[in-house]
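The sequence shown begins at 23 in the numbering used here and counts up by one. First the structure, in the form of structure tokens, and then the observations on it.
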Amino acid sequence: MRSLTRFVRAQRGASLAAGAVVTFLLVLFFSLAFGWVNPLASVAALFLAGLLGGYVTGPGARRGATAAFIGALVGGALAVAGLIVIITSGIYPLPFVPENPSALEVAGLVAAAVLPALFFATVGGMIGGILRERRERALAPPPSLAVTRCEHCGAPLPSEAVYCPQCGVRRL
Ligand SMILES: [Zn+2]
Numbered sequence: 023m024r025s026l027t028r029f030v031r032a033q034r035g036a037s038l039a040a041g042a043v044v045t046f047l048l049v050l051f052f053s054l055a056f057g058w059v060n061p062l063a064s065v066a067a068l069f070l071a072g073l074l075g076g077y078v079t080g081p082g083a084r085r086g087a088t089a090a091f092i093g094a095l096v097g098g099a100l101a102v103a104g105l106i107v108i109i110t111s112g113i114y115p116l117p118f119v120p121e122n123p124s125a126l127e128v129a130g131l132v133a134a135a136v137l138p139a140l141f142f143a144t145v146g147g148m149i150g151g152i153l154r155e156r157r158e159r160a161l162a163p164p165p166s167l168a169v170t171r172c173e174h175c176g177a178p179l180p181s182e183a184v185y186c187p188q189c190g191v192r193r194l
């Protein structure tokens with residue numbers, strides 16, 4: 023438990039949690055909205071959920087993937103719990119689902135629902151984290167501005183300066 027809290031702190035827990043929550047809500051929403059529409063729609067939706075969660079969590083592929091994985095795991099588990107309730111209660115006859123499924127058939131359905139969710143959401147989270155990293159890098163000021171110094175007096179020089187603003191010596 024202590025190593026978990028240390029891990030969360032090291033990952034900057036707040037944004038990690040935010041990314042996991044975003045993924046969780048989207049996975050839940052998308053799986054309820056598109057889950058049984060068609061497999062391609064739900065794969066795209068899971069990927070998108072992970073992408074947005076990973077972007078919120080970023081920067082970095084690993085952070086994005088971690089948050090998306092956690093969110094998809096919880097969201098997928100809840101969606102599957104709902105699925106099982108629907109199957110066992112028989113409220114609504116679902117396609118591809120036998121009338122009175124055995125425990126093994128239910129386990130197969132759960133695996134078929136959760137494993138793709140984890141995979142596609144995590145891939146999305148990875149890409150979201152990378153996109154966030156790229157954007158932050160693009161927004162950061164170029165490091166060369168402050169690094170250059172006048173060879174004569176040592177004052178910091180803008181990279182495009184020809185004369186030193188401090189002592190007026192021409193730059194080499
Ligand atoms: Zn100078």
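All C-beta atoms, glycine included, are put in the ideal place defined by N, C-alpha and C.
With fewer than 16 other beta carbons inside 10 angstroms of its own, residue 111 counts as exposed.
The chain-ordered list of residues whose CB is nearer than 6 Å to some heavy atom of ligand 1 reads 172, 174, 175, 177, 186, 188, 189 and 191. For the 8 Å CB-CB criterion, residue 87 and residue 147 form a contact. According to the DSSP assignment, residue 125 belongs to the alpha helix (DSSP H) that extends over 125-161. The alpha-carbon of residue 144 is positioned some 41 Å away from that of residue 181. In this chain, the alpha helix (DSSP H) harbouring residue 61 covers 61-79.
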